[in-house]
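Just so you know, the protein sequences line up as chains A and B, in that order.
First residue of the first sequence: 1, per the numbering used here; consecutive thereafter.
First residue of the second sequence: 1001, per the numbering used here; consecutive thereafter.
Notes to accompany the following structure.
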Amino acid sequence: MFPLIATTALAVQALSLLVSAATITLSIPPSPQIPNPASLPPSTHATLTALGASYHAPLTVDNTFVFRNVTPGSYLADIHSPTHGFAPLRIDVLSATAGENIREPNLSNGGVGVERGGENDLRVWETFHGNNWENKGEEIRPVAVGGAFPVKVLGSKVYYTERGAFSVLSILKNPMILMGLVSLAIFIGMPKLVENMDPEMRAEFEEQSKKNPMNSLMAGPQPGASSMGNFDMAGFLAGQGSGSGGGSREPEQSSGNGGKRGGKK
Amino acid sequence: MSGKMYLSFQALSLSVLLALPASVRAVFQDEVGHIDYHHELLGVPQRETTFFHRPRTGEKASLLYTLSDLGVLGAVNPSNGAIVWRQLLAGNITDGGGFLRAPEHETWLVGAHGSSVSSWDALTGRNVWFLNSNGMVKDVEVMEMTERGGKDVLALYQEPGATITRRIHGTEGHVVWEHKDVNKDIPLQVSTSLDKIFVVSLHGSLLSYSLKVIVLDTLTGKKLDEIPLGTKNEVQKPEDVMFVGANSAAPIVAWTDNTMAQLQVNVLGRKTKQEFALPADTTEVEIHAPHTIQSSPHFLVHSRTKSGNKADVFHIDLKNSAITKAYELPMLEGSSAFSTSSTGANVYFTRVTDNEVTITSSTSHGFLGRWSFKPGTKKLNTLHGVSEVIKKAEDSYAVRAAVVTDSDDWIQIVNGEVSWKRLEGLSGAVAATWAEIPESEELARTLEAEAHSNPWSAYVHRVNRHINDLQYLPAYLQSIPKRLISSIVGSESTGPTDEIKRDSFGFNKLVVLATKRGKLYGLNAGNHGQVIWSRKANETPSGRHWDVKAIHADNIKGFVTVRGSEGEFIIVKSDTGKTVESMPSSLFPPVNDAVMVDSDAGPWLLPIERDGKLGDVQLAWAPKQTVVTRTGENEIQGFRYVEKEGLASAVPVWNFSPPAGQHIVNIATRPQHDPVASIGRVLGDRTVKYKYLNPNTIVVAAIDDKTSTLYTYLLDTVSGEILASSCYEGVDPNKDITCTLTENWFLCAFYGQYQLRESQDQKLKGYQVVISDLYESELANDRGPLGDAVNFSSLDPVDMPTGPAFPSVVSKTFILSGPITSLAVTQTRQGIAIRQLLAYMPESHSIIAIPRILLEPRRPVGRDPTPAELEEGLSRYVPAIELDPRMTVSHTRDVLGVREIIAAPAILESTCLVFAYGVDVFGSRIAPSQAFDILGKGFNKVTLLGTVAALFLGVLGLGPMVRKKQINMRWQAPM
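Below you can see the structure in the form of structure tokens.
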């Protein structure tokens, strides 16, 4: 008795409710971004829009969106979720009976998700907002099982900005602070190191340090060391000799600032 | 090929994201709940569609479900009153009605509204199935017993000339069978017993109906029998039939006559009816019965009279269907709400009165439990409720009852104590306005007195007042250390206080909200939108809604005026809600709208009557401005007031109607507070483009349905002249078209699908926004035909060969990633901070603030911006604007059904207060140009002080060391 009821039921359904209307099913497959689509909030839904038409489908327990009675046309499909962003789709319903002839062989097994196939009647591509409508992205094929078209997750939505929190580590990571700390260590540690050296080494070291321009800086202004007075720290760090740096700086500077000067006229 | 294209698209959308200027600032996580507030609402629960239900059979916990009068289906956690999930059942906000049923021991609920029946997972709120059809759903019932073992749904539809009953598969949603009865009857309800299905309909014509019961077979839907029930003209309209029971061993149908003297009850399937007398002066009868098939066939008749309530409990004999009265619950003064709860065969009736909660078993009249409210509890005035009775021990029961009160609150009472209260009355708001907190009257009066007396006595008075104020000095001095510490630690109270007082930042303001149920609410925006007063403002006949046409706050007097469509108005105090003046409906002519006008007697709210007519007014009250009204569906007229026989009467000076075929869809006017900080825009090359700043402008959007073309007109409201117009092809007339106008720009949002004019093979589809900037001249450093003239008249022609001073319009169209509605623009005190476009995203349920700089019409097309343009903040034009979640003001909050967004300036120039209402109520503060005049939460005073102290210690410690080293160096012999 039971199978008989089921068949009459489906015949009734096909006749009265779904004549000349396509059914489109989109599904959210598990993906690295959404390992468990069942955790998506219930306010997730999908819309189909075209000039003079719009359809709305809530998220079902099977993680799908089912649009029924869709008339032929070219539709923009958007999936709206508070937690994740999804790629928009272009869905073309080519014939009014998309889904109907496919429904026949499925009569015996219940009637949900019956729009399998539909290769000729229903085509789905990825699309992008603000692009030429004919510029289609990758075509999406229905997954074999339910005939649903999988949708692509772009990523989870970020609503908040991080406030720049204060932490001692972030200060220490600053290169200027690191440089300062290193020079502080040298400043304090060097004399002690020098004291502990044996006299020969020490003499050699002092001979060398006379040539080193850093020394004059560390020792403060000294009457004899006038040649080091215009030492360019930045140039030294950039690996330039102090002598050649002075000559080549001028043209570089003017070209670098050209735009800004022009703007201030 | 396609893959390559996809890559380029990706790169493009990435560039869009990168193009977001730095001024796009999302909400900080620590500001959530501090600067914003949200009343998450469902709407007022309806009696027939509210119940406790266990979403999973294995678990004990039940949830409270309701389909509200706004069409929101939601589940509420009964332990704390928080929303578990909610859905708009019909996809949009409805006007009451609908059906909701939950089968026992199943995981789904079934709801219906309009022409759709849908099933939802009871725990997760996910959709199970959806079924749309042609007819209107008249009733939905769950079929508890099926041959398959599961449960099915019965739906009753009305189609023109036919009554259709469908049995729908419970978990799969397809039609198992349908029964079509071609007749002109009015289907009322469908009901089931164990083996039969009963369709109850009204047969006959208006005022003389008789009841007809059709009996159907559960397996095939074949008609088994038809039973006419003579009602002797007692049933005059469908509402006269009070109740059709379902899912009971013996379902009944009950009705009363017009005088409410007798109750007629028929057990479905029988041809006889029984009569029971009702108490004298009964005004309303409700019948409560359990909805499970295993429950005892008992029911309760609740009779409501003008002064009190009583109930009678009846039993049905299953063998002979005889109905006998078992006992009665006495007549009690005040309000009472009855509800049923059943476990197994036991049926309990809960009664919530003004001072106690009682439970009785359906078999005997003895109280199983009785809890009195604490003395001093506010009178509840319950309208209806639902309850859940739990038997704890042999003789001990617990009950929780969720009742809807007269003030539209939803309150749960557990064993006589209020466990939570949901302010559902705030939902369904139709109008709201910002109001300043009235200043202390005493100080205002003193200051006024000083201003009006002679200088010397004013001076003496003031010195005396200040000396008098000295008594507060010690308390003030004492509070300084505490305030200093709290300021450093960061616990200072710029935030909420219970006191309703103005603050120095201007964040504490009031919002007065009017709902369609005729209630007024006063909310304190400075204290998380807390309701400070609520009151009934308008007696609306049942089924009708308060159609508020205008709401206006007078901040000088501290009054708020609300005008309804039937000519009624009410003036209340904004801080207490006390009535200052009120006028019931129908005494004054019905109004279409009301506008603020200036007159010699001060500003006032001028009512505009139906069809845009303006009444005569006293000379002193004559408006000084041109009043623009909509005189017809497609006509706008401008009126000026002229003296006529001692009165001022309105004379039309211009009219505007769009060409034939177009109809007006939206009119945008300037906000009342629209300050402009600068009359020009300085470009990158230091030239200036002068803004076209005409305060008398409106934007009219009209659409031609046949050609799907949208026309926008910028009108001068003084002369009625069209200053600018444009048309957009391929605009969907069925989707929202909204416009807004401020400063020197306006924009319209719509859904468009068209081919580009420049390249015919390019087609576009999507939600779009068109923004137009108005400048005095196309050229920079040029003020157009008016030059530097101080005065300007819309009526006088400009003596220039180029003709009248039309603005130069620069427009751009952008495609948005989703629809936006309820447009508004941020307002700041001086208009120095940049503006943001506020909009509701109906698909994402959030409120977004789109920076003006993203929507800049001067963004260069097809090339990268020059350095000068970069300096202006212009980025390369890309047609798509991704509505970035970081732009949402409401961040992760789910703000449902926003009808309008209102903005108000704070005292701080950087900050704008935002308030959105509709189903939910949401408010926040936004800083369009960043919070440049206030230290945010990110400013850590402790760290600042700590850093200063650490530096100081460092200097103290290193100083001697450096000094010692330098001295040593000098004393060492040069090597």
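Quick reminder that beta carbons are idealized off the backbone N, C-alpha and C, glycines included.
All values derive from a computational prediction rather than experimental measurement.
Contact list for residue i against chain A, beta-carbon separation under 9 Å
i: Trp1085 of chain B; result: Pro41, Pro42 and Ser43
i: Thr1146 of chain B; result: What Thr1146 of chain B touches in chain A: nothing, since even the nearest Cβ is about 11 Å away.
i: Asn1077 of chain B; result: Here the premise fails: no neighbours, minimum Cβ distance about 15 Å.
i: Asp1894 of chain B; result: Pro41, Ser43 and Pro82
i: His1891 of chain B; result: Tyr159 and Tyr160
According to DSSP, residues forming a beta bridge with residue i
i: Ile1815 of chain B; result: B:Gln1768 and B:Ala1880
i: His2016 of chain B; result: Lying outside 1001 to 1975, the shown extent of chain B, residue 2016 of chain B is not represented and no answer is given.
i: Ser1339 of chain B; result: B:Thr1350
i: Thr1841 of chain B; result: Sequence inspection shows Met at residue 1841 of chain B; the Thr mentioned does not correspond to that position. DSSP, once it has assigned bridges, lists B:Ser1846 as partnering Met1841 of chain B.
i: Thr161 of chain A; result: B:Phe1028
i: Val1215 of chain B; result: B:Phe1198 and B:Asp1225
i: Asn1527 of chain B; result: Answer is none; Asn1527 of chain B lacks a bridge partner.
i: Val1676 of chain B; result: Answer by DSSP bridge pairing: none, since Val1676 of chain B is not bridged.
i: Gln1637 of chain B; result: B:Thr1629 and B:Asn1655
Residue i: first and last residue of the uninterrupted beta strand (DSSP E) it sits in
i: Glu1333 of chain B; result: Ile1323 to Glu1333
i: Gln1262 of chain B; result: Gln1262 to Val1267
i: Gln1189 of chain B; result: Ile1186 to Thr1192
i: Met1145 of chain B; result: Segment: none, Met1145 of chain B is in no beta strand (DSSP E) and carries neither H nor E.
Host alpha helix (DSSP H) of residue i (start-end)
i: Val1942 of chain B; result: Lys1941 to Trp1971
i: Tyr1459 of chain B; result: Pro1455 to Asp1469
i: Asn196 of chain A; result: Pro175 to Asn196
i: Ala1868 of chain B; result: Pro1867 to Glu1872
i: Ala203 of chain A; result: Pro199 to Lys211
Contacts that residue i makes with chain A (C-beta to C-beta distance below 8 Å)
i: Val1878 of chain B; result: Gly130
i: Ile1815 of chain B; result: His129 and Gly130
Cross-chain neighbours of residue i in chain B, by beta carbon under 9 Å
i: His80 of chain A; result: Gly1818, Met1841, Glu1843, Ser1844 and His1845
i: Pro37 of chain A; result: Chain B residues near Pro37 of chain A: none, gap ~11 Å exceeds 9 Å.
Partner residues on chain A for residue i, Cβ-Cβ distance less than 7 Å
i: Gln1753 of chain B; result: Ala50 and Leu51
i: Pro1885 of chain B; result: Lys157, Val158 and Tyr159
i: Gly1564 of chain B; result: Neighbours of Gly1564 of chain B on chain A: none; closest Cβ ~33 Å, over 7 Å.
i: Gly1987 of chain B; result: The structure shown does not extend to residue 1987 of chain B, since chain B spans only 1001 to 1975, so no value can be given for it.
i: Thr1888 of chain B; result: Tyr159
Beta-carbon neighbours of residue i, restricted to chain B and to distances below 8 Å
i: Leu172 of chain A; result: Residues of chain B passing the Cβ test: none, with the nearest at roughly 13 Å.
i: Val61 of chain A; result: Asp1121, Thr1124, Arg1126, Asn1127 and Val1128
i: Val194 of chain A; result: Neighbours of Val194 of chain A on chain B: none; closest Cβ ~12 Å, over 8 Å.
Under 7 Å from the C-beta of residue i: neighbouring residues of chain B
i: Thr47 of chain A; result: Glu1843
Which residues, in order along the stretch 1837-1854 of chain B, keep a beta-carbon less than 7 Å from a beta-carbon of chain A? Those residues of the stretch 1837-1854 of chain B that come within reach of chain A (Cβ to Cβ, closer than 7 Å) are Glu1843, Ser1844 and His1845.
Listed in chain order, which residues of the stretch 119-138 of chain A have Cβ atoms closer than 9 Å to some Cβ of chain B? Here the close residues are Trp125, Glu126, Thr127, Phe128, His129, Gly130, Asn131, Asn132, Trp133, Glu134, Asn135, Lys136, Gly137 and Glu138.
Pull out every residue of the stretch 1024-1041 of chain B whose Cβ sits closer than 7 Å to any Cβ of chain A, in chain order. For the stretch 1024-1041 of chain B, the set of residues with a beta-carbon nearer than 7 Å to any beta-carbon of chain A comprises Arg1025, Ala1026, Val1027, Phe1028, Gln1029 and Asp1030, in chain order.
Counting beta carbon pairs with one atom in the stretch 61-81 of chain A and one in the stretch 1743-1750 of chain B, are three or more of them shorter than 8 Å? At 8 Å Cβ cutoff, the stretches do not touch.
When Cβ atoms are compared, which residues of the stretch 140-165 of chain A fall closer than 7 Å to chain B? Answer in chain order: Lys157, Val158, Tyr159, Tyr160, Thr161, Arg163 and Gly164.
Residues of the stretch 1113-1131 of chain B in Cβ contact with chain A at a cutoff of 9 Å, in chain order, please. Hits within the stretch, in order: Ser1118, Trp1120, Asp1121, Thr1124, Gly1125, Arg1126, Asn1127, Val1128, Trp1129, Phe1130 and Leu1131.
Stretch-stretch touch, CB-based, cutoff 8 Å, three pairs: the stretch 1570-1585 of chain B with the stretch 1526-1542 of chain B: The answer is yes - the stretch 1526-1542 of chain B touches the stretch 1570-1585 of chain B, with three or more Cβ pairs under 8 Å.
Name, going along the chain, the residues of the stretch 1763-1779 of chain B whose beta-carbon falls closer than 7 Å to a beta-carbon of chain A. Cβ contacts with chain A come from Lys1763, Leu1764, Lys1765 and Gly1766.
Mind checking the stretch 1730-1751 of chain B against chain A and listing, in chain order, the residues whose C-beta falls within less than 8 Å of any C-beta there? Of all residues in the stretch 1730-1751 of chain B, only Gly1730, Asp1732, Pro1733, Asn1734, Lys1735 and Tyr1751 place a beta-carbon less than 8 Å from a beta-carbon of chain A.
Give the residues from the stretch 1935-1964 of chain B that approach chain A closer than 7 Å (Cβ to any Cβ), ordered along the chain. Result list: Gly1938, Asn1940 and Thr1943.
Is the stretch 1333-1345 of chain B close to the stretch 1382-1401 of chain B, with three or more CB pairs under 8 Å? Counting Cβ pairs under 8 Å, three or more are found: they touch.
Inspect the CB distances between the stretch 1824-1841 of chain B and the stretch 1773-1783 of chain B and report whether three or more fall short of 8 Å. Judged by Cβ distances under 8 Å, the stretch 1824-1841 of chain B makes no contact with the stretch 1773-1783 of chain B, as fewer than three pairs qualify.
Do three or more CB pairs link the stretch 172-182 of chain A to the stretch 68-86 of chain A at distances below 8 Å? Segments in contact, no.
Members of the stretch 1580-1609 of chain B that neighbour chain A once the beta carbon cut-off is set at 7 Å: Within the stretch 1580-1609 of chain B, no residue has a Cβ that lies closer than 7 Å to any Cβ of chain A.
For the stretch 1705-1722 of chain B, enumerate the residues whose C-beta is nearer than 8 Å to any C-beta of chain A, in chain order. Closer than 8 Å at the C-beta level to chain A, one finds these residues of the stretch 1705-1722 of chain B: Ser1708.
The stretch 1024-1039 of chain B touching the stretch 1085-1092 of chain B, judged by at least three CB pairs closer than 8 Å: These segments do not touch.
Going along the chain, which residues of the stretch 65-79 of chain A sit with their C-beta nearer than 8 Å to a C-beta in chain B? From the stretch 65-79 of chain A, only Val66, Arg68, Asn69, Ser74, Leu76 and Asp78 have a Cβ closer than 8 Å to chain B.
For the stretch 1182-1212 of chain B, which residues have a CB atom closer than 9 Å to at least one CB atom of chain A, in sequence order? Of all residues in the stretch 1182-1212 of chain B, none has a Cβ within less than 9 Å of some Cβ in chain A.
Between the stretch 1693-1701 of chain B and the stretch 1840-1858 of chain B, are three or more C-beta pairs nearer than 8 Å? Output reads no: the stretch 1840-1858 of chain B does not touch the stretch 1693-1701 of chain B.
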